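Residues in the sequence shown are numbered consecutively from 548, following my numbering. Even glycine gets a Cβ: it sits at the ideal position worked out from N, Cα and C. Fair warning: this is a prediction, and the values are worked out from it, not measured in the lab.
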Amino acid sequence: MASPQTDLPTDAPLSSFLPFQALDDAELNHIRSGPRMSSCHSQPQVYYGPVSIRNYLAGHAKKTLRVPKTALKPHLYQVFVKLPIELKLVVLEHCHPIDLHHFSQTSKFNRAIVMNRKAAGVWQTAFDRHPDLPNPPPGITGAHWAFMLFGPGICQECGKHGALTDFAFRKRLCEPCMRERCAYPNVLRDTNHQIVGPDHVVLTMLPRSYRYHGLRYTAAYATPANARYLRQDFQIMIKKVTLLQLLISNEVPMISELFDEYKDALVAHVAKIQEHAEKTNSWAMDVYRKCSTEYDTLHRDIADECKKRLRNHGHETQDIDYVHYSLTHALRQAFVYRLNPRAFRKIRPRLEEFVNNRKVARLKLERQNLLESIYRDYQKSLDPDRWQYLPPSKLVESIEGFSDFLQAPYDKRGDMAPSYAVSLFPAFIADWTRTQQEAVVSLFPSTVPDQAKLEKLELATSVFTCVDCRYKIRDGRILLGWNNICRHRQFNQLASAAAESLVRCVGLDPATTTIEQMNLRDDRFLCSNCTSEPSRGVIGLKVYNWVECLLHVVEMQLHTPPQPMHSVPAWLLLTPEATRFVKEQEYAYPRAIAEIWRCNLCAIHYDDFVPQIEAIDHVQKVHLIKTPVIGVDGATTSAHVVADKRHPTRRRKPFRLGREPAYEFKCNRCPKIPICKIWEMQKLTNHLRTKHHIVEPVLEQDYTKVDIIAAAATALPVSAQPVDQGENS
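This is the structure in structure tokens:
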């Protein structure tokens, strides 16, 4: 098709029709590349949606006006050029303002037509024909307003791309220039270098912008503190106002009235500017939201089409859906706005890489889950007491017999015979247990034989600490016996010394006393290194069992700042009667309402723990045991309902025994009751006076002093007999 021809006046020079006279290679490259981009947009590809380095107001307008392409008829432009100027203006009145702006950029000849003062009505008519656009504000021509709306996003200060028009300042500023040229009231200073307040008279006479930054039209609340002002405008205005106020203070005639008129006029003018800027800014934000919605919809449709084509190529739907975000992100980074065959061929390798990686990861996980499921079913067939001491299910993939299954080609999951897998588990458990025992035994002195080391694991003085598990702050600081330390590998010398001191305190031999013996005694101790503290009206010390004593020592060493007084253990053993009193005051532990209980006779609660009442109800109905035995897992092997230690539980709250004044008296006038009651002297006196009408109680007749401390810790072995626990311990 022949190119369109345009008849031009022969007597007019070429420079009158083109925006340039000559063009060399360097200038061509400059025109094609444009000015450098603002530093805020050094990586525009990381922005999603219509990035602000483009004028999306112009882009949205062009997209809205876009019509199907038709064959260009050359004679129409020739006819337009030959029309009189009046008819040309009539034709141009039917154009959109952005078309008029583009028309003015085509040549100097066309620019002279629409930029002439006689064409002002053309611009006004064009804006009137499109009521969705904001009209030009007073004092701004239609051509200038169209340039502010649809012109290129070039900063008017530094000349770089990445600027949006600020409709309050009526300038284009990029983000760095906006930070430099604009300021909040709290940084502006008057001529006396004093910070001006938000209600300063000068600020009411200046346009203000509430935009967050120069990259978007998003604005903050219109409050004085959120307003920004041009520094240059403020400096000029503050000098004017200062001079006028100086003249007023010198009582120059008529200056005060003129200043008030000037101020009122400026305030009214600024109010109109702010009102128009607010409406225009809201319109720009509406356009941005429309652009963002269209952009997101476009990429969502393109992503759906890509997913459909990937499914047609044989990929699994679940893998494609899982990497949906990665696919969308790849399409955005590749700037795919239309999915034609060529674009899909180019992006397909990248998309298939995501899908194939997900497929491999999914098949690996499915194979591991299959083995773990078979392993869990095998665990359920074992004694429930062994559950917490078995290797973690994550380790079954390390079994050599499963390597072929796990490393098979990743085209399908495959299958594993449960009978074959179960045949490998006993040896795996035995090897894992032996490996863990050897690792723990290696922490003991090398002079001890290996067999003696294994036996020593069950002594009360063999205390270990977990240094890396997530339960360190609760259960991992003190570990006693192989069943508890099977997964932990650091011997704790400090806690071991404390345990030796506790064993000696009760009169036993640390070399032979086992953990089970100490647990059966269930003694109560006080730490004599601690100081009495108030709690709920009682000033005293916390009462610990022997395991809590070890934990207390370790925590005191971890305390910030460290507690040097606890470096040497010092324990006070309570008497049987005091121990009975303390136990009756302690809360039940573990809590019955906590969902940590399970049946110790079957595997129904292997995955889901329940409150104690539900576990008891299950034992009574299913196993026909009328009075189930309640115990803590590992402490009572004959228990029917236990608290499973695989579930983390909160630490028991120790009872605080009063020491100032001391709780060490017992009422002889009260009848025998099933609970043990110990008083401090003042409360006992009140009790005898109000309940038994004894005003002057007599020792041994009305009340008895009870021994609270049975023994104290000693650093040397003792040959005395073990302290009697009594019938109430």
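DSSP, reduced to helix, strand and coil, places S1082 within a strand of the structure shown. DSSP places L1204 within a strand segment (E or B) once states are collapsed to three. Residue pairing by DSSP places S756 opposite R775 in a beta bridge. L910 is classed as buried because its beta carbon has at least 16 other beta carbons within 10 Å across all chains shown. A residue is called buried when at least 16 other Cβ atoms come within 10 angstroms of its Cβ; M801 does not meet this threshold and is exposed. The beta carbon of Y757 lies closer than 7 Å to those of A766, A767, A769, N773 and A774 in the same chain, with the five residues before and after it left out.
In the DSSP assignment, F674 falls outside any beta strand (DSSP E) and lies within the alpha helix (DSSP H) extending over A667 to D675. With a beta-carbon spacing of about 7 Å, F627 and V638 fall inside the 8 Å limit used to define contacts. Between A667 and V799, the alpha-carbon positions lie close to 44 Å from each other.
With a cut-off of 8 Å on Cβ pairs, the stretch 945-964 is in contact with the stretch 913-930, counting three or more such pairs.
Beta-bridge annotation (DSSP): L1119 is paired with L1073 and A1259. The stretch 1117-1126 makes no contact with the stretch 1142-1154: fewer than 3 CB pairs, one atom from each, lie closer than 8 Å.
For I632, same chain residues with a beta-carbon under 6 Å away, outside a window of 5 residues either side, do not exist. Under the three-state reduction of DSSP, I946 is assigned to coil, being neither helix nor strand. The beta-carbon distance between R719 and Q703, rounded to whole angstroms, is 5 Å. This is short enough to meet the 8 Å contact definition.
In the three-state reduction of the DSSP assignment, L1148 falls in the coil class. Under DSSP, A850 forms no beta bridge with any residue. Taking the Cα of G961 as reference, the smallest distance to any Cα among F972, F949, S970 and V969 is reached at F949. When C-beta atoms of the stretch 745-761 are compared with those of the stretch 783-794, three or more pairs fall below 8 Å, so the two segments count as touching. Where F1212 is concerned, the enclosing beta strand (DSSP E) starts and stops at F1212 to C1214. One thing to note: V748 has its Cβ within 8 Å of the Cβ of V788. For the 8 Å CB-CB criterion, H643 and H607 do not form a contact. At a Cβ-Cβ threshold of 8 Å, A1260 and C1052 count as neighbours. At a Cβ-Cβ threshold of 8 Å, L735 and L604 do not count as neighbours.
In this structure, R858 lies near I867, with their beta-carbon atoms less than 8 Å apart. According to the DSSP secondary-structure assignment, G1178 is paired through a beta bridge with V1189. Distance between V1176 and W1144, taken at the CA atoms: about 13 Å. Within the model, the alpha-carbon separation for E1133 versus K1089 is close to 11 Å.
Every candidate beta strand (DSSP E) stretch fails here, since none sits fully inside the stretch 887-968 while reaching 3 residues.
Three or more beta-carbon pairs separated by less than 8 Å are not found between the stretch 891-898 and the stretch 928-935, which leaves the two stretches without contact.
Counted as a single uninterrupted DSSP element, the stretch harbouring T1251 is not any alpha helix (DSSP H) but the beta strand (DSSP E) occupying residues Y1250 to K1252. With respect to the 8 Å criterion, G700 and H708 are classified as neighbours on the basis of their beta carbons.
Rounded to whole angstroms, R1127 and D924 show a C-alpha spacing of 44 Å. The beta-carbon distance between M662 and Y764, rounded to whole angstroms, is 28 Å. This is too long to meet the 8 Å contact definition. Residue pairing by DSSP puts D713 in a beta bridge opposite K718. In terms of Cα proximity to K959, the closest of S940, K906 and P938 is K906.
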